[in-house]
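So the protein sequences, as listed, match chains P and L.
For the first sequence, the working numbering gives the first residue as 1, with consecutive numbering after it.
For the second sequence, the working numbering gives the first residue as 313, with consecutive numbering after it.
See structure below.
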Amino acid sequence: MAVLEDVTSPPATGLRPRGVSRRERWSRRLPLLPALIYTIIVTQVPFLVTLWYSFQSYFWNEPGGAHWTGVSNYKEVFTDPNFRSALVRSVTMTAIAVIVAMLLGVALAVLLDKKFLGRSIVRTLIITPFLVMPAAAALVWAGPMLDPSFGLINWLLEPFGVNHVAWLTTHAYGSVIVVMIWQWTPFMTLIVLAGLQGQAQDTLEAAKVDGANAWATFRELTLPHLRPYIELGVLLGSIYLVTAFDQVRLMTNGGPGTTTTTLPFYLYQKVNYAFDIGGAAAAGVVTVVLTIIVASFALRLFASVFQFEEAK
Amino acid sequence: MSSSRFGTRFRKRRLAAAACVAAVVTAAAACSSSGGSSGSGSAASGSNSSTGSVTVAVVSNPLITGQMIPLTESVFKKQNPGITVKFVTYTEGDLRAAIEKDVSTHSNSFNVVMIGPYEAPLFAKNGWLVDLTKQYTSSDSAYDVSDLLPSVAKSLSYQGDLYAAPFYGESSMLYYNKSLLKAAGVTMPLHPTWAQVQAAAAKVNQPGKVSGICLRGLAGWGDNMAALDTVINTYGGQWYDTNWKAQLNSPAVSQAVNFYVNLVKQYGEPGASNDSFNQLLTLYGQGKCAMWYDATVAATSIATQFPSVYAQTGYSFAPTEKTSSSGWLWSWALGIPQGVNDQGAAWKFVSWATSKQYDTLVAQKYGWSAVPPGTRTSLYNNPSYQKAASAFANITLQSINGTDPEHPTVGKVPYVGVQYVDIPQFASLGLTVGQQIAGAIAGTESVSQALQAAQSAASAYTPQQLSGSN
C-alpha cells in the first residue's frame with residue numbers, strides 16, 4: 001500500500017518516522033496544516049456551494065433569485081444529448097491528443113538522445129511550444145496559421161493545389177486536436193528524454209555485445225525501461241488536456257454547431273450564455289463524479305508510476 | 313548486486329524529479345492561462361456628483377476602445393478631477409454574462425453598464441436599472457433628451473421612461489465595392505431584393521480571390537442570428553405566432569434559412585461559420601468581399617480604418633423580399649444599475665459620453681466621419697457631419713428611422729424586436745439556434761436538421777412561461 005509514499009518521501013528508507021510518539025508525529029504534521037486547511041477552503045467549500053446550487057433553479061436573467069427544484073437539474077443533464085456528446089468528445093479528443101503526442105514525444109526523445117551538431121538549439125526549439133501560453137498559441141493558430149484567407153498553412157499548401165481550406169470550419173475537430181498535440185508533444189518529449197538519459201549504459205553495451213540490433217534493443221530494453229515515464233506522461237497529459245479550454249474557446253468557440261464543444265466549454269456556455277446556474281452546477285457535479293471514477297481507475301492502472309521499486 | 317541497486321535508486325530519483333519538473337511547469341502554464349479581473353466598486357458613498365469612482369463595463373468595439381476610453385483619459389478626467397473612471401472591456405458575449413451576473417445578484421461592481429435594446433427593458437422591468445428620465449434627464453436641459461433619435465430612445469425605454477442612454481445606434485445595410493461590381497457589369501439598386509443580391513453575388517464571386525458576399529456565420533444571437541433574423545422577417549417568417557407557438561419549422565423560415573445558408577455556402581467568404589462583425593470588417597476592408605451585409609455603424613469604421621476601400625464603397629438599404637424594409641435596430645447604451653455607489657458621478661460620466669459635446673470632441677480629435685452615429689438628430693443636422701459623412705449619413709438615419717421592432721415581419725408577433733425576441737429565455741435559445749445555423753453553414757448538418765433542432769429548442773418552453781415573462 002505504498003501508493004504515493006515512495007515519490008514524496010526521501011529515498012533513504014532508514015529515515016522513516018517509525019516508532020515516534022504521537023506528539024512527535026503531530027508536531028511534524030503541524031507545519032502542513034495551514035496548507036491543508038487552505039486547500040480545503042478553496043476546493044471543498046466551493047464544491048459544497050456548487051452541490052447546493054445544483055438543486056436550485058437559478059437563472060441570472062430572471063428576477064427572484066434561486067429556489068429549490070429537487071433533482072430536475074440532474075434529470076435535464078442526463079437527458080441532454082449535448083451533455084452526452086460533449087462528454088464523449090472530451091474523452092476522444094483527450095485520448096487522441098495524448099496518444100499521438102506521446103508517440104511523437106518518444107520519437108523526438110530518441111532523436112534528441114543522440115549526439116549531433118546543434119542538439120541544444122534543436123532541443124530548445126522543440127520544447128518551445130510548451131512554453132507558449134495556451135491562449136496565445138490558440139490565437140496564433142486561429143489567426144495567422146489557419147485563417148482561410150490570410151493563413152500561412154493555406155499559403156504553404158497552395159502550390160500543391162490545396163485552395164483556401166477553411167480549417168476551423170470544415171476540419172474544426174481535427175484542427176483543435178492538432179493544436180493540442182503541438183502544445184503537448186514537447187512535454188512528452190521532456191519526460192521520455194529524462195527516462196532515456198537515466199538508462200544504464202552498461203545494459204545497452206551488453207545488448208550490443210550479444211548482437212542485438214537497434215530495434216530489438218529499443219523494444220526489449222529501452223521501452224520496458226521507459227514504461228513508467230510514458231505512463232506518467234500519459235497520466236499528466238490526460239489530466240491537463242481533459243480540462244483544456246483555451247483552444248476550444250479561442251479557435252472555434254465550440255463550433256461550428258457543437259462539433260468541438262467539450263465538457264469544460266459546455267459548462268462555460270451554460271453559465272455564460274444561458275445564465276443557467278443550477279443546470280451548470282448539476283452538470284459540474286456529474287462531471288466531478290465521473291472524473292473521480294475515471295481518475296481512481298487510471299491511478300490503479302498506472303500504479304507502477306508510484307510503486308517503482310516494487311515493480312522493478 | 314550493488315550496481316543494479318544503485319541504478320534503480322538513481323532511476324527512481326530521476327522519475328521523481330521528472331514528475332516534479334512536470335508539475336511545476338504545468339502549474340505555471342495553468343496559472344498563466346487563467347486571468348481576467350473585474351474592477352471592484354469603491355466604498356466611497358455620497359451622492360455628490362463631482363467626486364467618486366466609476367467602473368464601466370463596455371463592449372470591445374472600435375468606437376469604444378479607440379475613442380471613448382482614450383477621450384475619457386485625456387478629457388473627462390481632466391474636467392472632473394474628483395472622479396476616477398475605470399473601464400472593463402469584454403467581447404459581446406462575455407459582456408452580457410458579466411453584466412447579467414453583476415446586475416441580477418446586486419454585486420454592484422460596475423456602476424455603469426453597456427447594454428442594448430434587448431437588455432434595457434427587461435432589466436428595467438426587473439427593477440435593476442435607475443430610471444434616467446425621472447432621476448436626471450427631465451431636469452437636465454443641457455442633456456437635451458428630446459434630441460435623441462425617437463426609435464432609438466424608444467427601444468431603450470420601459471413604460472415611457474429612458475433606462476439607458478445611447479452611445480451609438482445602428483440598423484443594417486448592404487455595402488458593396490463599386491469597382492468590383494462595375495467590373496462584373498452589375499449595378500446595385502438603392503432598395504435591392506435578396507434575389508437581386510444573390511444574382512449579383514453569383515456574377516462577382518471569384519473563388520479564392522473575392523467572395524461575392526460576406527455574411528455573418530458565427531453562432532450567437534447577436535452574431536449570425538442578427539443578420540439571419542432580418543432575412544427571416546422579410547421572407548415572412550417569425551420566431552413565435554401570437555399564441556407563442558414556435559414557428560421555426562414554418563415554410564417561410566425554412567425558405568429564408570435555406571436562402572441564407574446557400575448564399576453563404578456558394579458565394580460567401582470561406583470559413584463563414586467563424587465570422588462576425590470584426591472579422592468581416594477586416595475582410596471587407598482588405599477588398600476580399602464584393603458585398604457585405606452588416607451593421608450601419610461599419611461605415612464609420614470603414615471610413616476611418618480603410619480609406620482606399622471607403623472611396624470605392626456604395627451603400628444600399630437592407631435587402632427585402634416581402635416586407636418594405638428589413639433593417640435591424642440596435643444600440644450600445646449606458647445604464648446605471650439600481651443601488652450602486654456614486655450614482656451622481658456615474659450619471660456625470662454617462663451624460664458626458666452620450667452628449668452633443670462628446671460628438672464635437674471626437675470630431676476635433678478624429679474627424680467628423682468618426683463620430684459615433686445613430687443617436688442624435690442634431691448630428692444629422694450638423695453641416696460639418698453631413699459633409700464629412702455624406703456617403704452614409706442619410707442612409708444610416710433613414711434605416712434607423714425605418715425600423716419597427718413591434719412589427720418586424722409580415723404577420724403579427726407577440727414579441728418586440730427585429731433581430732431578437734424580448735424574453736429572458738432568448739439569451740439561451742438564440743445561442744442554441746445560432747449554433748445549429750452555424751453547423752448548417754459549415755456543412756456538418758443540413759438546414760432541415762438544423763431547423764428541426766431549433767424548433768424543438770424553441771418549443772421547450774410553455775406559452776405561459778414565454779408570455780408570463782414578457
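From the three backbone atoms N, C-alpha and C, an ideal C-beta is built for every residue, glycine too.
Note that the structure is a prediction, hence the values are computed from the model and not measured.
Check your understanding: For tryptophan 644/L, which beta-bridge partners are listed by DSSP?
Key -> Answer is Tyr480/L.
Check your understanding: In chain P, which residues lie less than 9 Å from glycine 651/L when you measure between Cβ atoms?
Key -> Within 9 Å Cβ-Cβ: nothing; glycine 651/L doesn't reach chain P, min ~14 Å.
Review point. Is glutamine 731/L helix, strand or coil by DSSP?
Key: Secondary structure of glutamine 731/L (DSSP, three-state): coil.
**Study point:** Residues, ordered as in the chain, of the segment 255-269 of chain P that lie near chain L by beta-carbon distance below 8 Å
**Key:** Listed in sequence order: Gly255, Pro256, Gly257, Thr258, Thr259 and Gln269.
Exercise for review: Confirm, please, whether the CB-CB distance from glycine 746/L to asparagine 536/L is below 9 Å.
Suggested key: Contact: yes.
**Study point:** Beta-carbon contacts of phenylalanine 187/P that lie in its chain and below 8 Å, excluding the five residues immediately before and after
**Key:** The beta carbon of phenylalanine 187/P sits closer than 8 Å to those of Ala101, Gly105, Phe130, Gly233, Leu236 and Gly237, all from its chain and outside the five residues before and after it, given in chain order.
Point to revise | 7 Å Cβ shell around glutamate 24/P - same chain, five flanking residues per side excluded | key: Result list for glutamate 24/P: empty, nothing under 7 Å.
**Study point:** chain L residues whose Cβ lies nearer than 7 Å to that of leucine 168/P
**Key:** Simply Gly583 and Asn586.
Exercise for review: Report back the beta-carbon spacing between leucine 146/P and threonine 252/P to the nearest angstrom; my notes put them in contact at under 8 Å.
Suggested key: At roughly 10 Å, the Cβ-Cβ gap does not stay under 8 Å, so leucine 146/P and threonine 252/P are not in contact.
Point to revise | Burial state of alanine 770/L (16 or more Cβ within 10 Å) | key: Counting Cβ neighbours within 10 Å, alanine 770/L comes out buried, since at least 16 surround it.
Check your understanding: Span of the alpha helix (DSSP H) holding tyrosine 74/P?
Key -> It spans 72-79 - the alpha helix (DSSP H) in which tyrosine 74/P sits, taken as one unbroken run.
Review point. Are the C-beta atoms of lysine 677/L and some chain P residue less than 9 Å apart?
Key: No Cβ of chain P is located within less than 9 Å of the beta carbon of lysine 677/L.
Review point. Cβ of serine 740/L less than 9 Å from any chain P Cβ?
Key: It does; some Cβ of chain P falls within 9 Å.
Review point. What do you get for isoleucine 712/L, buried or exposed, if any count of 16 or more other CB atoms within 10 angstroms of its CB means buried?
Key: Per the 10 Å Cβ criterion, buried.
Check your understanding: Which word fits valine 366/L, buried or exposed, when buried means at least 16 other C-beta atoms lie within 10 angstroms of its C-beta?
Key -> Counting other Cβ atoms within 10 Å of its Cβ, valine 366/L reaches 16 or more and is therefore classed as buried.
Point to revise | DSSP state of phenylalanine 187/P mapped onto helix, strand, coil | key: Helix.
Exercise for review: Please determine if the segment 522-533 of chain L and the segment 657-673 of chain L are in contact, where contact requires at least 3 C-beta pairs separated by less than 8 Å.
Suggested key: Result no; under three Cβ-Cβ pairs closer than 8 Å.
Check your understanding: Exposed or buried, leucine 502/L, counting other C-beta atoms within 10 Å across all chains shown (16 or more means buried)?
Key -> In this structure leucine 502/L is exposed. Its beta-carbon is surrounded by fewer than 16 other beta-carbon atoms within 10 angstroms.
Point to revise | Beta-carbon proximity of leucine 461/L to leucine 673/L, cut-off 9 Å | key: With contacts defined by Cβ atoms closer than 9 Å, leucine 461/L and leucine 673/L do not form a contacting pair.
Point to revise | Neighbour-count burial assignment, glycine 647/L, 16 or more Cβ in a 10 Å radius | key: Burial call: buried.
Check your understanding: Could you give the distance in angstroms between the alpha-carbon of alanine 564/L and the alpha-carbon of tyrosine 547/L?
Key -> Each residue's Cα considered, the two are about 6 Å apart.
**Study point:** asparagine 489/L at chain P interface by Cβ criterion, 9 Å
**Key:** Not an interface residue.
**Study point:** Three-state secondary structure (DSSP) of threonine 396/L
**Key:** Three-state result, threonine 396/L: strand.
Check your understanding: Using the beta-carbon count (16 or more within 10 Å), is alanine 334/L buried or exposed?
Key -> At alanine 334/L the pLDDT is 47, less than 50, meaning the model places this residue with poor confidence and gives no usable figure here.
Exercise for review: Specify the secondary structure class of glycine 278/P as computed by DSSP and reduced to three states.
Suggested key: DSSP places glycine 278/P within a helical segment (H, G or I) once states are collapsed to three.
Review point. Are the CB atoms of valine 132/P and valine 122/P nearer to each other than 9 Å?
Key: Not closer than 9 Å, so no.
**Study point:** Limits of the unbroken beta strand (DSSP E) element including aspartate 606/L
**Key:** Counting along the chain, the unbroken beta strand (DSSP E) around aspartate 606/L starts and ends at 603-607.
Point to revise | Within chain C, the residues that aspartate 276/P reaches when beta carbons sit closer than 8 Å | key: No chain C is present in this structure, whose protein chains are P and L.
Check your understanding: Which of the residues in the segment 135-159 of chain P, read from start to end, lie with their CB under 7 Å from any CB of chain L?
Key -> Answer set for the segment 135-159 of chain P: Ala135, Pro148 and Ser149.
Review point. Is the segment 615-622 of chain L in contact with the segment 418-433 of chain L, if contact means three or more CB pairs nearer than 8 Å?
Key: Contact fails: fewer than three Cβ-Cβ distances are below 8 Å.
Practice item. Could you confirm whether any beta carbon from chain L is found closer than 9 Å to the beta carbon of alanine 172/P? Key: Yes, because at least one Cβ of chain L sits closer than 9 Å to the Cβ of alanine 172/P.
Exercise for review: Tell me whether threonine 258/P sits in a helix, a strand or coil according to DSSP, three-state version.
Suggested key: Looking at threonine 258/P - three-state DSSP - the assignment turns out to be coil, as it is neither helix nor strand.
Check your understanding: So what does DSSP say about methionine 133/P, is it helix, strand or coil?
Key -> If DSSP states are grouped into helix, strand and coil, methionine 133/P belongs with coil.
Practice item. Pair every Cβ in the segment 574-583 of chain L with every Cβ in the segment 163-181 of chain P, then say whether three or more of these pairs are closer than 8 Å. Key: The count of Cβ pairs closer than 8 Å, one atom from the segment 574-583 of chain L and one from the segment 163-181 of chain P, reaches three, so the stretches are in contact.
Point to revise | Where valine 162/P sits in the DSSP three-state scheme | key: Annotated three-state conformation of valine 162/P is coil, per DSSP.
Practice item. Measure the alpha-carbon distance for threonine 69/P versus tyrosine 480/L and round it to whole angstroms. Key: In a straight line, the C-alpha of threonine 69/P is about 42 Å away from that of tyrosine 480/L.
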